[in-house]
Amino acid sequence: MSNKQGKRYSEEFKRDAVALARSSSKAVTEVARDLGVSPEGLRSWVKQDKIDRGEGGPGELTSAEHEELRRLRRQNLEQQKTIEVLNSTGQSNSAG
Numbered sequence: 001m002s003n004k005q006g007k008r009y010s011e012e013f014k015r016d017a018v019a020l021a022r023s024s025s026k027a028v029t030e031v032a033r034d035l036g037v038s039p040e041g042l043r044s045w046v047k048q049d050k051i052d053r054g055e056g057g058p059g060e061l062t063s064a065e066h067e068e069l070r071r072l073r074r075q076n077l078e079q080q081k082t083i084e085v086l087n088s089t090g091q092s093n094s095a096g
C-alpha cells in the first residue's frame, strides 16, 4: 500500500496553471501533464477559480470563505478547550 501525499504548490503556481489551462487549446489533462501536476488537481484549481470569480453554483464557497471557515473552526476548538479546562478546575462562570 502506498502512502500518497499530495505535493503543495504555491498560490502563484496555481494561478499561472489555471490561466494556462483557460487560455490553452489543449485539454486539461494535457496541460496538467505538461506542468507535472495531476489532472484532478488542475481541474480542482480551475473549478475553485471559477467559484472565486462568482461563477460557481449555489452553496459553493470561495477561497476566502473556505479560509474564514477554517479560521472560525480553529477558534471554536480553542474556545471549547478553554471551557473544558475552566469546567474541570471548577472555574466556570455560573451564578449559583
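Position 29 of the sequence shown, counted from 1, bears residue number 29 in the UniProt record's numbering, the numbering being contiguous throughout. From the three backbone atoms N, C-alpha and C, an ideal C-beta is built for every residue, glycine too.
What three-state label does DSSP hand residue i in the structure shown?
{"i": "SER2", "result": "Confidence in SER2 is poor, its pLDDT being 43 and thus under 50, which makes the residue's placement too unreliable to answer from."}
{"i": "VAL85", "result": "helix"}
{"i": "THR29", "result": "helix"}
{"i": "LYS50", "result": "helix"}
{"i": "PRO18", "result": "Per the sequence shown, residue 18 should be read as Val rather than Pro. Correct three-state label for VAL18: helix."}
Considering only their Cβ atoms, is the gap separating residue j from residue i smaller than 7 angstroms?
{"i": "PRO39", "j": "VAL46", "result": "no"}
{"i": "GLY56", "j": "LYS50", "result": "yes"}
{"i": "ALA17", "j": "LEU35", "result": "yes"}
When the Cα atoms are used, what is the spatial distance from residue i to residue j?
{"i": "ARG43", "j": "ARG71", "result": "25 angstroms"}
{"i": "ALA32", "j": "GLU60", "result": "24 angstroms"}
{"i": "ALA21", "j": "ASP52", "result": "16 angstroms"}
{"i": "GLY96", "j": "SER88", "result": "Unreliable positioning characterises GLY96 in this predicted model, as indicated by a pLDDT of 49, which lies under 50. The coordinate reading is nonetheless provided below. If I take the Cα positions, the gap works out to 17 angstroms."}
{"i": "SER10", "j": "HIS66", "result": "17 angstroms"}
{"i": "THR62", "j": "GLY54", "result": "8 angstroms"}
Output the boundary residues of the alpha helix (DSSP H) element that contains residue i.
{"i": "PRO58", "result": "It is not in any alpha helix (DSSP H) - PRO58 carries neither H nor E in the DSSP assignment."}
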